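Enquirer: Okay, here's the structure, questions in a sec.
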Amino acid sequence: MIFNECMMKNSIRSIAKTLCTAFCALVLASCGVSKVVIEGSYPSPNVAKLPLSLAVVYDEPLRNFSYIEYSETGAEEFNIASGASHVALFDAVLPAMFESVVEAASLEEAESLGVDAIFVPAIDEFQLALPNKTKLDVYEVWIRYNMRLVSGDGAPIADWVLTSYGKTPTESLRTADAAINDAAVVALRDLASSFSLSFAQVPEVRDWLASR
Amino acid sequence: MKALLPLLVVLLASCTSTTVDEFRQGETGINSDESIVILGRRHSSDYETRAEFVDCVGERMTTGNDSISVIPEKEFVDAMFPWFEPRTAPLRTQDLERLMAEPVVAEKMAEFGVRYMVWLDGFTETSGRTGTISCTVGPGGAGCFGFGSWEDDSTFDARVWDVASLQNVGTISTDASGQSYLPALVIPIPLIARVEANACVRLADQLKQFVNGE
C-alpha cells in the first residue's frame, strides 16, 4: 500500500514536472526573440546579357547579414537573417545579366582571375515596419544597398546606392514570421528587378561600358 | 419554428448584394489557341490586390461554357521577370507598348499566346464591427455567449488590354457588400456573407462574356 502511494506520488510529481517544463518553455518562447531566416525563390531575369566576365565577392557582413528589430520596451523582438537569401538572389540574377560569372572569396582573389569587372554588393541599412507600430495593415521591409563595381585590376568604376521595398498585407491565419519573410522576399525581388534593369544606366557604368 | 431555422440561416448567410458595371471601349473576341493573363495591381502604398482573388477569378474563367485559357499569375510574372514586378509593371497601355518593344518581352508574350491582359485592382474592407462575445472554460465544460456583426465591402476593377492592338478595350467594375453575423449561444454560429467570393464569381462571369465578345 505504501509502495503504491509512493509510486503514485512519483508519477504525479513527474507529470507536474513535465507540465511545469512545458509551461516554462512556452513562457520563454513567447518572451524570446523570434528568429526569421528569409527563404524564397528568385527567377532569373529576362534581360539582354552584357558581354562581360564578372567576378562577384560576397563578403562576410553580407553573407551573415541579420537585422534585429526591438520592441517598444527595448527587448529583441525579431532577428531577421537575410544574408544567405541575398547570396541566392545574386546567384540567380548575375548569370542572366553577364556572359560569365565567377565567385571569389576576396577582392585580391578576384583580381587574380583576369575578369573584366568585379562586383561587391553590400547592405547599408535594413528597416522593418510592423503593423502594431505603424497602425497600417501591412508588413514592410526597406533595404538600402551599396553596390561597388571595380575593374579586373581593382581600379574603381562605380559606387552607387540602390534601395528596395517590399510589403505584404496582414492576414488572419498568417504568422508575423511568415509575413516578414514574404515582405522581405518581395523586397529582394524588387532589388533584383531594379538592379538588372538599371545596371547599365548607372552613369559611371554607362561611361565605362561605352569606353570599352 | 424548427423548420424555419435553416431557411433563416440561409437567408442570413446569403445576405450579399453585388453590382457589376461594364464599360466597353473596343471589340473583343478570342481564338481557341489564345490565352489571357490576369494580374493583380500591387503598386499602391496602402493596399494590394490579393493573389487569392486573382486566382479565384482565373479559375472561374477556365470552367463552364465558353471557358477561356488563363495563364496563372505567378507563372507569368516569374517567366516575365523583372518586367511585371510592382515597381516595373506597365500602368498604361503606352507603357505596354514600350515594353513590347523589348525583344525578350515580345518573345515570351508570343510563347504564352497572350491575347488579353486583365489588370485587377481592388480590395475588401471590413467595417462596422459591433457586439461582443465572451467564452468561458470551466470544470463542467466550455461555452460562448454574445453576438457580433460586421460589414464587408469588396470593390474591384478589371481593366482589359488587348495585347494585339495595345489598346484598353474595356473596364468591368464590381462592388459587393454584405453583413456577417456571429451569434453565440454555447457554440458560435458564424453566418458569413461571402462578399469577396460573390464579387469573384460575378466579375469572372462578366469578364468571360466580355472577352468572348458577347
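Residue numbers (my numbering), protein chains in the order written: chain U, 109 to 320; chain R, -1 to 212. C-beta atoms are modelled at their ideal positions from N, C-alpha and C, and glycine is treated no differently. In this text, all values refer to a predicted model and were calculated from it rather than measured experimentally.
1. When DSSP labels each residue in this structure, what does Ser93 (chain U) get in the three-state scheme?
2. In this structure, what does DSSP give as the bridge partners for Asn210 (chain R)?
3. Alpha carbon to alpha carbon, how far is Phe47 (chain R) from Ser319 (chain U)?
4. When we look at the beta-carbon of Asn29 (chain R) and count the other beta-carbons within 10 Å, is it buried (16 or more) or exposed?
5. To be precise: take each residue of the segment 295 to 306 of chain U, compare its Cβ to all Cβ atoms of chain R, and keep it if any distance is under 8 Å. Which residues remain?
6. Write down the C-beta distance between Cys13 (chain R) and Gly126 (chain R) rounded to the nearest angstrom, noting that I regard them as a contact closer than 8 Å.
7. If the cut-off is 9 Å on Cβ atoms, which residues from the segment 147 to 171 of chain U count as contacting chain R, listed in chain order?
8. Round the Cβ separation of Asn154 (chain U) and Val102 (chain R) to the nearest angstrom and send it over; I've been treating them as touching at under 8 Å.
9. Interface residues of chain R around Pro277 (chain U) at Cβ under 9 Å?
10. Listing by chain order, which chain R residues have their CB less than 8 Å from the CB of Leu244 (chain U)?
11. Quick check on the DSSP output: the alpha helix (DSSP H) that includes Arg297 (chain U) runs from which residue to which?
12. Taking 7 Å as the CB-CB cut-off, is Phe79 (chain R) touching chain U?
13. Taking C-alpha atoms, which residue in U:Leu305, U:Ala308 and U:Gln235 lies nearest to Ala189 (chain U)?
14. Would you mind working out which of R:Asn196, R:Ala191, R:Asn63 and R:Val68 sits nearest Val116 (chain R), comparing C-alpha positions?
15. Classify Lys157 (chain U) as buried or exposed, calling it buried when 16 or more other Cβ atoms lie within 10 Å of its own Cβ.
16. Locate the alpha helix (DSSP H) running through Met78 (chain R), then write down its first and last residues.
17. Check whether the Cβ atoms of Thr130 (chain R) and Gly144 (chain R) lie closer than 7 Å to each other.
18. Would Glu149 (chain R) pass as an interface residue toward chain U - the criterion being a Cβ-Cβ separation below 7 Å?
19. Please report how far the alpha carbon of Lys117 (chain U) lies from the alpha carbon of Arg171 (chain U), in whole angstroms.
20. May I ask you to list, following chain order, the residues of the segment 81 to 93 of chain R that have a beta carbon less than 8 Å from some beta carbon of chain U?
21. Could you give the distance in angstroms between the alpha-carbon of Val249 (chain U) and the alpha-carbon of Asp119 (chain R)?
22. What residue range does the beta strand (DSSP E) around Thr91 (chain R) cover?
23. Quick check: is the beta carbon of Asp155 (chain R) nearer than 7 Å to any beta carbon in chain U?
24. Going by C-alpha distance, which of U:Glu211, U:Ala192 and U:Arg314 is nearest Ala266 (chain U)?
25. Measure the beta-carbon distance from Asn289 (chain U) to Val144 (chain U) and round it to whole angstroms, keeping in mind my assumption that it falls under 8 Å.
Expert: Considering the structure as presented:
1. Here chain U comprises residues numbered 109 to 320, so residue 93 (chain U) is not present and cannot be evaluated.
2. Partner(s): none; Asn210 (chain R) has no beta bridge.
3. Going by the sequence as given, residue 47 (chain R) is Thr instead of Phe. Spanning the alpha carbons of Thr47 (chain R) and Ser319 (chain U) requires a straight line of approximately 45 Å.
4. Classification for Asn29 (chain R): exposed.
5. Along the segment 295 to 306 of chain U, the positions whose C-beta sits under 8 Å from a C-beta of chain R are Arg297, Asp298, Ala300, Ser301, Ser302, Ser304 and Leu305, read in chain order.
6. Beta-carbon to beta-carbon, Cys13 (chain R) and Gly126 (chain R) are separated by about 14 Å, too far to satisfy the 8 Å threshold.
7. Across the segment 147 to 171 of chain U, CB contacts with chain R closer than 9 Å involve Ser149, Tyr150, Pro151, Ser152, Pro153, Asn154, Val155 and Ala156, in sequence order along the chain.
8. Confirmed, about 4 Å.
9. Per Cβ cutoff of 9 Å: Tyr45, Glu46, Arg48 and Phe121.
10. Around Leu244 (chain U), the beta-carbon contacts reaching into chain R at under 8 Å are Asp44.
11. If you look at Arg297 (chain U), you'll find it in the alpha helix (DSSP H) that goes Ala284 to Ser306.
12. Phe79 (chain R) counts as touching chain U.
13. If you compare the alpha carbons of U:Leu305, U:Ala308 and U:Gln235 with that of Ala189 (chain U), the shortest gap goes to U:Gln235.
14. That would be R:Val68, whose Cα lies nearest to the Cα of Val116 (chain R).
15. Classification of Lys157 (chain U): exposed, given that the 10 Å Cβ count is below 16.
16. Taken as a continuous stretch (DSSP letters only), Met78 (chain R) belongs to no alpha helix (DSSP H), as it is neither H nor E.
17. Yes, Cβ-Cβ distance for Thr130 (chain R) and Gly144 (chain R) is below 7 Å.
18. Proximity of Glu149 (chain R) to chain U, defined by a Cβ-Cβ separation below 7 Å, is not satisfied.
19. Residue placement at Lys117 (chain U) cannot be trusted, given a pLDDT of 47 that sits under 50; the coordinates are not used to answer.
20. Listed in sequence order: Trp81, Glu83, Pro84, Arg85 and Thr86.
21. A direct Cα-to-Cα measurement between Val249 (chain U) and Asp119 (chain R) gives close to 22 Å.
22. Under the DSSP assignment, Thr91 (chain R) falls outside any beta strand (DSSP E), being part of the alpha helix (DSSP H) whose first and last residues are Thr91 to Met98.
23. Not an interface residue.
24. The candidate whose alpha carbon is nearest that of Ala266 (chain U) is U:Arg314.
25. 6 Å between Cβ atoms; contact.
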